[in-house]
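Asker: Counted the way my numbering counts, the sequence shown spans residues 1 to 138. For glycine and all other residues, C-beta sits at the position ideal for the given N, C-alpha and C.
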Amino acid sequence: MFSRLHFMERRGSGIKKIIKEYKAQYKYSDDMQPEFVSEHGGFFLTLKNLNYRLSEKEKIKGEDKGEDREKKREDIIRERVALVFDAISENPDITIKELSSLLNISKKQAETAIKKLKDANRIHRDGSDHDGKWIIDK
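#1: Considering only C-alpha positions, which residue in the set Phe7, Lys97, Phe43 and Thr112 is nearest to Glu74?
#2: Whose CA, out of His40, Glu21 and Lys108, lies closest to the CA of Pro34?
#3: May I ask you to list the residues that DSSP assigns as paired with Thr46?
#4: Per DSSP, which residues does His124 bridge with? Please list them.
#5: Kindly indicate the opening and closing residues of the alpha helix (DSSP H) around Thr112.
#6: Using the beta-carbon count (16 or more within 10 Å), is Phe85 buried or exposed?
#7: Compare the C-alpha of Asp93 against each of Met32, Ile135 and Asp31 and name the closest.
#8: Taking Ile123 as the reference, which of Glu98, Ser100, Ser101 and Ile88 has the closest Cα?
#9: I'd like the span of the alpha helix (DSSP H) that includes Phe85, first residue to last.
#10: Spatial neighbours of Asp126 within its chain, please: CB distance less than 8 Å, with the 5 preceding and 5 following residues excluded, ordered by chain position.
#11: What first and last residue would you give for the alpha helix (DSSP H) that runs through Lys97?
#12: Give me the Cα-Cα distance between Ile76 and His6, rounded to the nearest whole angstrom.
Here you go:
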């Protein structure tokens, strides 16, 4: 109908654009891919929230009863440290406040992840907290 009324450029181009733009986002993973459903009554597009992450407490609550709680906690911390490292790699000028906002974690959690990276000699800060930048150690 929209094609006949000349309200669209061409059919089918929007789906490719949506997928391309969604895949380009920082927090995108394959399990977050947009879902398209076409039924007799309509067309539905589901875009999953890339900023949504279960909190550590929710992840631990949802664990299988046989899993070790401490191991699960360590896995979550290890994942958080990896996310912080990736964010610093992409933007060496990023602040702790920006990290906590970007990764949807508390300031304390970001500071703890940075401390672990510093202790492992993976990063160090060059300059002040306000004007400095992160340096990745080889």
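Answerer: In brief:
#1: Walking along the sequence shown from the start, residue 74 turns up at place 74. Proximity to Glu74 across Phe7, Lys97, Phe43 and Thr112 peaks at Thr112, based on C-alpha coordinates.
#2: Stepping through the sequence shown from its first residue, residue 34 is reached at position 34. Closest by alpha carbon: Glu21.
#3: Numbered from its first residue, the sequence shown carries residue 46 at position 46. According to DSSP, Thr46 bridges with Glu35.
#4: By one-based count along the sequence shown, residue 124 stands at place 124. Under DSSP, His124 shares a beta bridge with Ile135.
#5: Your numbering for residue 112 matches position 112 in the sequence shown. Thr112 -> alpha helix (DSSP H) spans Lys107 to Asp119.
#6: Taking the sequence shown and counting its residues from 1, one reaches residue 85 at position 85. Phe85 comes out buried.
#7: For the purposes of this step, residue 93 is taken as the residue at position 93 of the sequence shown. Between Asp93 and the set Met32, Ile135 and Asp31, the nearest pair of CA atoms involves Ile135.
#8: Working through the sequence shown from its first residue, we reach residue 123 at position 123. Here the closest residue by C-alpha is Ile88.
#9: As a first step, residue 85 is located in the sequence shown; it is residue number 85 there, counting from the start. Start and end: Arg69 to Glu90.
#10: The sequence position of residue 126 within the sequence shown is 126, counting from 1. Around Asp126, the same chain offers Gly132, Lys133, Trp134 and Ile135 as residues with beta carbons nearer than 8 Å, after the five sequence neighbours per side are excluded.
#11: Taking the first residue of the sequence shown as position 1, residue 97 is located at position 97. DSSP places Lys97 inside the alpha helix (DSSP H), whose first and last residues are Ile96 to Leu103.
#12: Working through the sequence shown from its first residue, we reach residue 76 at position 76. Working through the sequence shown from its first residue, we reach residue 6 at position 6. Cα-Cα distance, rounded: 51 Å.
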